[in-house]
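In order, the protein sequences belong to chains Y and D.
Residues -6 to 720 (the working numbering) are what the first sequence spells out, left to right.
Residues -6 to 720 (the working numbering) are what the second sequence spells out, left to right.
Here a beta-carbon is modelled for each residue, glycine too, at the ideal position from N, C-alpha and C.
Given the structure is predicted, the values throughout are model-derived calculations rather than measurements.
Here is the structure we will look at.
2 protein chains.
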Amino acid sequence: MEMTLFLIVPVASILALSFAYYFYRNMLKQDEGTPEMRKIAKHVRDGANAYLKQQYKVVGWVFLTLCILFAWMAYGPGLQNKWVWFAFLTGGFFSGLAGFIGMRTATMASARTANAARDSLNLGLKIAFRSGAVMGLVVVGLGLLDISVWFVVLQYAFDSLQEGEKMIVLTTTMLTFGMGASTQALFARVGGGIFTKAADVGADLVGKVEAGIPEDDPRNPATIADNVGDNVGDVAGMGADLYESYCGSILATAALGASAFHFSAEAQLNAVMAPMLIAAVGIVLSILGIFLVRTDENATQNQLLKSLGKGINFSSVFIAIFSFGIIYMLGMDLWIGGSIVTGLIVGLIIGKSTEFYTSQAFRPTQKIAESAETGPATVVISGIGTGMISTAIPVLSIVVGIILSYLFAAQFDFSNVGVGLYGIGIAAVGMLSTLGITLATDAYGPIADNAGGNAEMSGLGEEVRVRTDALDSLGNTTAATGKGFAIGSAALTGLALLASYIEELKVGLLRLGNETLNVGGESIPLHKASFVDFMHYYEVNLMNPKVLVGLFIGSMMAFLFCGLTMNAVGRAAQKMVAEVRRQFKTYKGILKGEEEPDYSRCVEISTKGAQLEMILPSIIAIVIPIIVGLILGVAGVMGLLVGGLSSGFVLAVFMANAGGAWDNAKKYVEEGNLGGKGSDVHKATVIGDTVGDPFKDTSGPSLNILIKLMSMVSIVMAGVTVAFHLL
Amino acid sequence: MEMTLFLIVPVASILALSFAYYFYRNMLKQDEGTPEMRKIAKHVRDGANAYLKQQYKVVGWVFLTLCILFAWMAYGPGLQNKWVWFAFLTGGFFSGLAGFIGMRTATMASARTANAARDSLNLGLKIAFRSGAVMGLVVVGLGLLDISVWFVVLQYAFDSLQEGEKMIVLTTTMLTFGMGASTQALFARVGGGIFTKAADVGADLVGKVEAGIPEDDPRNPATIADNVGDNVGDVAGMGADLYESYCGSILATAALGASAFHFSAEAQLNAVMAPMLIAAVGIVLSILGIFLVRTDENATQNQLLKSLGKGINFSSVFIAIFSFGIIYMLGMDLWIGGSIVTGLIVGLIIGKSTEFYTSQAFRPTQKIAESAETGPATVVISGIGTGMISTAIPVLSIVVGIILSYLFAAQFDFSNVGVGLYGIGIAAVGMLSTLGITLATDAYGPIADNAGGNAEMSGLGEEVRVRTDALDSLGNTTAATGKGFAIGSAALTGLALLASYIEELKVGLLRLGNETLNVGGESIPLHKASFVDFMHYYEVNLMNPKVLVGLFIGSMMAFLFCGLTMNAVGRAAQKMVAEVRRQFKTYKGILKGEEEPDYSRCVEISTKGAQLEMILPSIIAIVIPIIVGLILGVAGVMGLLVGGLSSGFVLAVFMANAGGAWDNAKKYVEEGNLGGKGSDVHKATVIGDTVGDPFKDTSGPSLNILIKLMSMVSIVMAGVTVAFHLL
């Protein structure tokens, strides 16, 4: 019965990939427009490909190094099993592939969207959104496909192990696959984030502010690089990122299920399969939801938004209902369905709160715009202030979500720790179950943005530009909701990974030949040891200086990482500014529109800058957890992870919201308020927006990955930490 | 023998107060200069007094409310002893008094310093520094005086208690005194911080940027308010703040000593007295150090700095030596002396690192200035980036300091938790033992700043202004070191308070009639229960969702608090900008220098703004720990405190350093680099500096207090939390 149910998982994943292919083919059939439009699209496509090739080279070296290390750990001192290095590799590969396919689709779709917008708004929306859906479906499809393949393969590989232990070793091995995805995602987000913002900031500072030419003006040498950046950062980077979130939440929850329900082989298998099945049902409902998105020919922007919302709401409501069905069929406690619903609702609240704090339709962003009347300094101050205040609602929702999803699963008994933590994981899976469609609305944004760029550069009429602007603006709102999901799920997944770390410790101890845990003078057999036993054994309490020290380092890591990426953008942007200034100065014809600027030189500068600058922060994220483990042991690592998680989550919300609010405060002024375009108020908001660029598109989203990557690294290195630590 | 040794404590405190009076009288004897200088000084003095009066009114109501609450808790359900409300009151009173005396001295000294600078640089330095010393000595003198009086009074009051228990109840009751000081300090820092930055930002934005008149120009209506702000924020606010740090570290350490050494009445008394004695010796050596500060008539700025350094170094080295003597005389383990030295060194490293990241003599700040070549946006980005990176060294030093001071005291055994935590407290006391002289160098800064303002406004010659500028610039460097001490000591004191919280729980449980703690099926008598037993009993481990939830809320609190104070400054500054613009517009004669602006109206606006805006953040800091305790109980509170401590510490370092670096990047340009004054680069750095103002002078320093106040509130409310919590 159970394995029959499991079949839904690979079937759903193949369904997702098939529809992705179908949407992709359909998009390709559309006309790419005038020769000028094709040329520009090709420029952008080539630039994006060139960048990704460079990035994959760097990432390849990192993967090679880590694979050798993992292989040595397995075949040498035997601190890991022999599947780890390979699982790690495939995770990285598929995460990269998801991003690559999404980006390829996006670069193919932008000119076609612009061309369709020449006919009608609705046609433009359809192409952009269905192209975004390719990404959404590829991410969830590849994710579940990998998970199902590994699940089947490892079932055979670990066949010799005892029933209860087998599932624990299997699920913790699969987590390594998550580390591969995280590592790839980190480089993609950091590298792509630096690329896109260096180009954006550079283009804005010289083009908009100094030369006074509009955004996406073909006379701006950095404008192609800016459009390339949207694709490598907001599409490829986001794809890799959410691929990792998606798999991470499912895998961590499966590992927690294997542990919490180890008392019965059947219950254990069901608990491991539950997150996969929820995800599978989510895929099917996401596909249905995607088909629900359509509008009249004369739809207003509000109707467009409603149409997108209808698709997402449909998927969410039915996932909530069907999940209870899955839980029932698996013979699990029905209250666990409450954890799924909790996850869905928390994601929704965070999305709404993001919208409230970052949309120019509400007071907070309008106030930031008003503060521009006293100059750029007060814009920056009030953006930072509002961003910091905006952390309250997301934190409180997550906090209530943690308690509720824990209590639902634990049958309202706090001491039922294992099942309670499983409930938190299930909430994360619930939140991400609609990823197929939410990511579609998210990936749609940069496609619409690029379509607008293409329309501007290829000199299409004002009317077309108005339509692409409408699409773009819609994308900003959906992007805010998407970011809420990404951050919220990172926090819950981070907690689930934290608990999985304990599981991995158990496996590590078994591997080293330990069979019992000595807690308070009592010997507890390892397979019976609870989470609380491990906490006592390793003294992971708040009076242990190692835990406290770990917490400080974790908080610091979040800031250090942001600081490094912020400065990286600053440096790379300065090089871009210098180059754009040089071109304007050397070739006088450019600004007059008589001479074509050297676009590819700017792409090259961003590429080089991103390559160089992404290495240090990424390496630190991988190395610090290892060092902390080697010096402080388990207690220090747990402190590090929790410190990084709590500070990183709040910092990420702050940065994302401050950046979004500055962006829309500028848009608010551009819509004609407070003096409108070209006024001093507008100039001040442009400065705010520029400051916010690396906040919301580089440092902020990278933090989501940092939180999870640090946990993943610790999980993979758990065997080493168990075998050796200095203090 | 012991009580004879104790006599050193009140004697040292009276010595400090006597020398403070002596310096104060000597300063008053100096000539206050021309009638114009006297008039301006009086303006500033009146403004500062008017502000403080308003502030004390608001604070009075808060104290009244809390006192009634505490009195009810004691006389009603008996959740506290009857001394708490009164101890709370005296702590608040003396904290306010220390700030008031410091401010009174500063407002008296500024014109006299300016006048002395007409004669010579050295004379100016001497007056400013000795006036700063008044503040330093008053803070440490009043602190130790209160502590000694309470120590003696409570010895009699609790005479009926058992020997071992008596000292525990006594020291935890004395901690309440710390809560009074913290509450006063928070209002002083937040209110003063909002006042000073609203005036500063307002004065700069309209005066410097729009009207193009220099800083402190008498034509600027906000200039008096700006100078008043230095006094109420940087002097009175800082005095109350450090008074609280100083007492908090001594009292928390005493409480930990009472608990760790409860096995022997003699050892316990010694451990309680040790922090007081270290502080007492520190006072004597600080006074000697102050007399060492003197320079030649023709001293360069570097020589001035060396002279100040000589005083501090002298005090530090001898405190380290003498502390070992105290430890020896008390018959304690000599290794505990290592904890004192650790504290001193960590304070020094944090100070040096602050200097490196914020002084224009080093690359980080120069790079921020260079990034101004591409406009204000890149200045802000690189300032934030550098500020975030600058958190690494302070965190790593604190982390190493925690481990070392713990291990020294615990005789290199991690499981020796009680004594180890006592060691961390001792490190905090060590770090703050030189406060008498470090605070003197710190309080000297705003006096020199005001002297410069006075010289400018009263039209003294260029030569005098150059001298006061040299004094002011020196003050910026010493202020950086001072901030390092304030932040570092807050982190260590926060940890000590965290441990004291457990002590308070013990007292609360005893009061409710409990005699044992049930840990893992075993009944442990309360007086024998260790820190680890409490951790197990309340499940304060990292797999408890209540702890995790508390950590998230704690991190969020740090950000929310900063956001509220940042926005408060933004709002108050906008009102100031509107007023200055109004005066310039209505009275055309002002800018021509023909008409005197209405200074007092600006003072009034800042006063009202600060009064209004300080309430919400301060109330939140007091109320949230109470609510968390009522809902989540002990585990949630401990999570909250640790989350607030780790995130708050890192955030505070970030904000202080980013703000300092922006300030000096501007100074670097003003010194003639990168185009010098009036260039576009300069304008961009002015915007950076304005953004940094609330960072470094409002939100950042207030965080230090928030960290400790949340602990203090939890300590005072521990009895309630023990008696009732929802989950």
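Around the beta carbon of Glu588/Y, fewer than 16 other beta carbons sit within 10 angstroms, so the residue counts as exposed. At least one C-beta of chain Y is nearer than 9 Å to the C-beta of Cys555/D. Residue burial is scored here from C-beta neighbours: Thr189/Y has at least 16 other C-beta atoms within 10 angstroms and is therefore classed as buried. Chain order gives no chain Y residues near Ile161/D, where near means a beta carbon separation below 8 Å; the closest approach is about 17 Å. In this structure, the beta-carbon distance from Trp78/Y to Phe63/Y falls below 9 Å. Straight-line measurement puts the Cα of Gly586/Y at about 14 Å from the Cα of Glu449/Y. One finds nothing in chain D with a Cβ atom closer than 7 Å to the Cβ of Thr678/Y; even the nearest lies about 11 Å away.
A check of alpha carbon separations from Phe552/D across His529/D, Ile419/D, Ile613/D and Pro439/D identifies Ile613/D as the nearest. DSSP places Val512/D in the strand class (E or B) of the three-state scheme. Only residues of its own chain outside the window of five on either side were considered, and among them Ser451 have a CB closer than 7 Å to the CB of Thr27/D, listed in chain order. Considered as a whole, the stretch 535 to 609 of chain Y harbours 538 to 579 and 582 to 585 as its complete alpha helix (DSSP H) runs of no fewer than 4 residues, in chain order.
Pro518/Y counts as exposed, since fewer than 16 other C-beta atoms from the protein chains shown sit within 10 angstroms of its C-beta. For a Cβ distance threshold of 7 Å, residue set Ser364, Thr367 and Thr371 of chain Y lies close to Gln567/D, ordered along the chain. Distance from the Cα of Tyr592/D is smallest, within the candidate group Ile620/D, Ile680/D, Asn469/D and Asn213/D, for Asn213/D. Interface residue (Cβ-Cβ distance to chain Y less than 9 Å): Ile700/D is not classified as such. Glu25/Y and Pro211/Y have their C-alpha atoms some 19 Å from each other.
Counting C-beta pairs closer than 8 Å gives fewer than three between the stretch 658 to 667 of chain Y and the stretch 312 to 332 of chain Y, which falls short of the contact rule. Counting along the chain, Phe86/Y sits inside the alpha helix (DSSP H) bounded by residues Val77 to Asp112. With respect to the 9 Å criterion, Ala80/Y and Gly186/Y are not classified as neighbours on the basis of their beta carbons. Interface flag for His529/D against chain Y is set, since a Cβ pair is found closer than 9 Å. Around the beta carbon of Asp673/D, fewer than 16 other beta carbons lie within 10 angstroms, which makes this residue exposed. For Tyr399/D, the chain Y residues whose C-beta falls within less than 7 Å of its own C-beta are Pro538, listed in chain order. Taking Asn511/Y as reference, the option from Leu21/Y, Tyr531/Y and Ile495/Y with the minimal CA-CA separation is Tyr531/Y. Contact note: Phe355/Y does not reach chain D at a C-beta cutoff of 8 Å; the least C-beta distance is about 15 Å.
Residue range Met231 to Ala253 is occupied by the alpha helix (DSSP H) that includes Leu244/Y. Setting aside the 5 residues that flank it on each side, Leu428/Y is surrounded in the same chain by Val133 and Tyr239, each with a C-beta closer than 6 Å to its C-beta; the list follows chain order. At a cut-off of 9 Å between beta carbons, Glu588/D makes no contact with chain Y. Beyond the five residues adjoining it in sequence on each side, Phe642/Y comes within less than 6 Å, by CB distance, of Ala484 in the same chain, given in chain order. Closest in alpha carbon position to Ala463/D, among Leu8/D, Ala479/D, Asn443/D and Lys75/D, is Asn443/D. Just so you know, the alpha carbons of Val131/D and Ala603/Y end up roughly 54 Å apart.
A Cβ-Cβ contact shorter than 9 Å links Gly275/Y with Ser426/Y. Within the stretch 402 to 429 of chain Y, the residues whose Cβ lies closer than 8 Å to any Cβ of chain D are, in chain order, Phe407, Val410, Gly413, Leu414 and Ile417.
Taken through DSSP and simplified to helix, strand or coil, Pro387/Y comes out as helix.
The closest CA to that of Arg575/Y, considering only Leu557/Y, Gly563/Y and Arg594/Y, is found on Arg594/Y. In the structure shown, the three-state DSSP call for Ile206/Y is coil. Around Val525/Y, the beta-carbon contacts reaching into chain D at under 8 Å are Glu532, Asn534 and Met536.
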